[in-house]
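Counting in UniProt numbering, the sequence shown runs from 1 upward without gaps.
Okay, structure first, notes after.
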Amino acid sequence: MVGNSLLSTAITLTETPVDAFEMWKRYPLIVPLSEYLTFLCGIIMLIFTATKFGKHIENILPTALVLAFTSAASLAIVTSQIKHLFGLKLPPITGTFVSPRTWFAFVENIATINYVTTLVGVCVFVVINLLGYVEPYLDLWYYYKKWAGYENLEGAKAINLPKALLSIIITSLMSFLLDFENSFGVAVVGKVVSGPPTFSLPWRILESTPKSQHFRIMIGMIPDAVSISLIAYVTMKAILQSFPPHKQETGPSESSALISPQSNALPTPVSGLTTAMISPVSLNKDEDTEINEQIALTVSNLVSPFFSGYVPAGSLSRSAILATQTESQTPLANFFASFLSLITIMFLTDFVYYIPLSVLAAITIVSLQSTLFKISKGYEIFKKWRMEQSIRNFKELSIWFITFVTVIGFDPSVGVVCGMVTCVIWILYYKYYVK
């Protein structure tokens with residue numbers, strides 16, 4: 001969405017059409033436009049947060065819509081990773097119907113599979129899944145206490161292996177030593193620019209263009225900024241529902257304690273941002289958590305354009321990796337994830353060079369399995385409607401189906417808009433036709 005908005009604006013300003021993949025070379029205005037668009041999104045998100053937008057839009061973002069969006073987005077992400085997993089050489093696919101066209105491209109270009117890439121990626125995928133089943137039995141502390149003759153064997157805890165990190169380290173060393181890239185044609189991450197970002201003003205685009213175009217820039221990008229901000233909000237909702245922060249209810253005597261997540265629950269969600277700390281004990285903190293996420297999104301979008309950043313938003317795949325591949329229990333995990341990302345960008349880009357893309361694809365697909373399987377929720381809604389034949393069930397089914405199909409068929413923005421329009425139609429139906 002960001003790329004399409006920047007490209008269309010740049011073409012309008014220069015009146016020179018160009019292929020999307022060449023826009024960074026041909027249009028030096030792209031980066032300043034990106035900064036300005038991000039700043040616009042920050043202002044719009046600030047308005048959303050100040051007006052408690054989430055509470056007002058709750059009626060047109062029901063659970064069925066968010067579930068459909070989550071499932072469709074997960075399927076789209078997995079689809080985008082398949083070519084890296086198998087080392088397929090596919091032509092650039094942009095515009096509408098990206099996922100279906102990508103599936104057809106898989107079949108047409110199946111002969112271009114790189115078997116070494118496939119072997120590396122599939123092995124990582126299988127090993128991570130197998131280790132997930134083995135981990136509960138890696139209770140070494142229990143066996144040590146038993147061997148040492150302890151009478152009390154309680155309190156033992158299974159080992160949580162850093163499966164994703166180990167996979168990256170081992171395959172990167174193999175890639176470096178065996179020269180995967182040149183010897184076997186395995187695609188690797190490659191060179192990543194390192195060092196701190198430079199400070200810049202997000203409105204510097206106005207200094208680089210004639211005054212006659214200032215109004216077109218300032219006003220013309222607002223609709224795109226609103227759409228992108230809305231998608232960022234829906235993604236945040238989807239992450240909160242997919243990986244909710246689990247809290248324990250406590251009695252009156254524990255009212256001053258902090259909430260501690262259940263030991264068998266998923267960790268606090270990660271939106272690719274540093275979320276606020278969990279609030280003191282309350283029976284229901286879902287609304288506070290959502291407001292905290294909105295504040296995080298807003299601050300990130302207001303700060304990032306000053307350092308040549310483009311729209312930060314919730315990342316379903318990154319949240320899934322932190323939730324399923326780590327043992328994090330508090331929002332502090334977000335800080336460490338961001339800090340380690342910064343350290344990597346500053347000092348470890350030479351090591352990142354050798355990471356096979358198939359390994360990153362395998363880790364992403366493994367982490368998204370739980371959200372991908374939520375496609376079955378659509379079938380459950382369908383079965384419920386077939387059994388009860390009620391208007392309410394048909395409403396949920398229509399919202400889920402329309403959102404899912406349009407997200408997969410077109411793109412997330414079109415899918416969310418279609419889902420919201422469907423919700424509005426049902427609201428009007430209940431208001432004027434159902435007594």
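Don't be surprised by glycine CBs; every beta carbon is placed ideally from N, CA and C.
Quick caveat: nothing in here was measured; it's all calculated off a predicted structure.
Sequence-distant residues of the same chain with beta carbon closer than 8 Å to residue i, five excluded per side
i	result
T12	R216, G220
L428	none
N284	At N284 the pLDDT is 47, less than 50, meaning the model places this residue with poor confidence and gives no usable figure here.
S175	E181, V186, V188, Y354, I355, P356
F39	P202, W203, N301, L302, P305
V2	S34, L37, I228, Y310, V311
F394	W385
K431	none
L178	F184
CA nearest to the CA of residue i, picked from the options
i	options	result
P412	L75, A296, L173, P196	L75
M346	F335, S194, I82, L230	S194
N208	S300, L29, A238, F125	At residue 208 the sequence reads Ser, which differs from the Asn that was named. With distances taken between Cα atoms, S208 lies closest to L29.
V366	F97, E181, V126	V126
L165	T63, A337, T38	A337
I47	Y430, V226, A362	V226
V311	L37, V416, F335	L37
V359	S212, T117, Y430, T51	T117
K83	L67, V107, S71, F69	V107
A111	V234, N129, K89	K89
N109	F97, P91, L67	P91
A105	K237, S80, V120	S80
S370	N129, P331, F335	N129
A50	N292, A361, Y433, I363	N292
L85	V31, A362, A333, K52	A362
K237	M218, S212, Q213, Q294	Q294
I168	T364, Y233, F410	T364
F53	F335, A232, S341	A232
I77	L372, K383, V417, L177	L372
DSSP beta-bridge partners of residue i
i	result
V188	P356
Own chain, CB closer than 6 Å to residue i, minus 5 neighbours either side, in chain order
i	result
F307	P197
P210	none
I170	none
L65	I399, T403, G419
T349	V192, S194
S256	Bear in mind that the predicted position of S256 carries a pLDDT of just 32, short of 50, making it unreliable; the figure below should be weighed with that in mind. Within the same chain, S256 has no close Cβ partners at all.
S183	none
N114	G87, G185
N4	none
T96	F410
H214	L206
Residues near residue i in its chain [Cβ-Cβ closer than 7 Å; skip 5 each side]
i	result
L33	L6, T9, A10, I205
T422	S398, I399, I402
F351	S172
L161	L131, E135
C123	none
G415	F69, A72, T403, T406, V407
K374	L67, T70, S71
E396	A64, I381
residue 450	Beyond the ends of the chain as shown, which are 1 and 435, falls residue 450; an answer cannot be given.
T298	G42, M45, L46, T49
L119	none
Residue i burial status per 10 Å Cβ neighbour count (16 or more: buried)
i	result
G185	exposed
F339	exposed
L230	buried
P223	exposed
I425	exposed
F199	exposed
T235	buried
P62	buried
A20	Reliability of the predicted coordinates at A20 is poor, the pLDDT of 49 falling under 50, and the value obtained from them is presented with this limitation in mind. Exposed is the call here.
I343	exposed
G121	buried
L368	buried
K163	buried
Y433	exposed
heavy atom of the ligand SAH below 8 Å from residue i C-beta
i	result
S308	Because no ligand of any kind appears in the structure shown, any question about the ligand SAH cannot be addressed here.
- Taking one C-beta from the segment 376-390 and one from the segment 35-43 each time, how about it: are there three or more such pairs within less than 8 Å? no
- Counting Cβ pairs closer than 8 Å, one from the segment 98-107 and one from the segment 389-398, do we hit at least three? no
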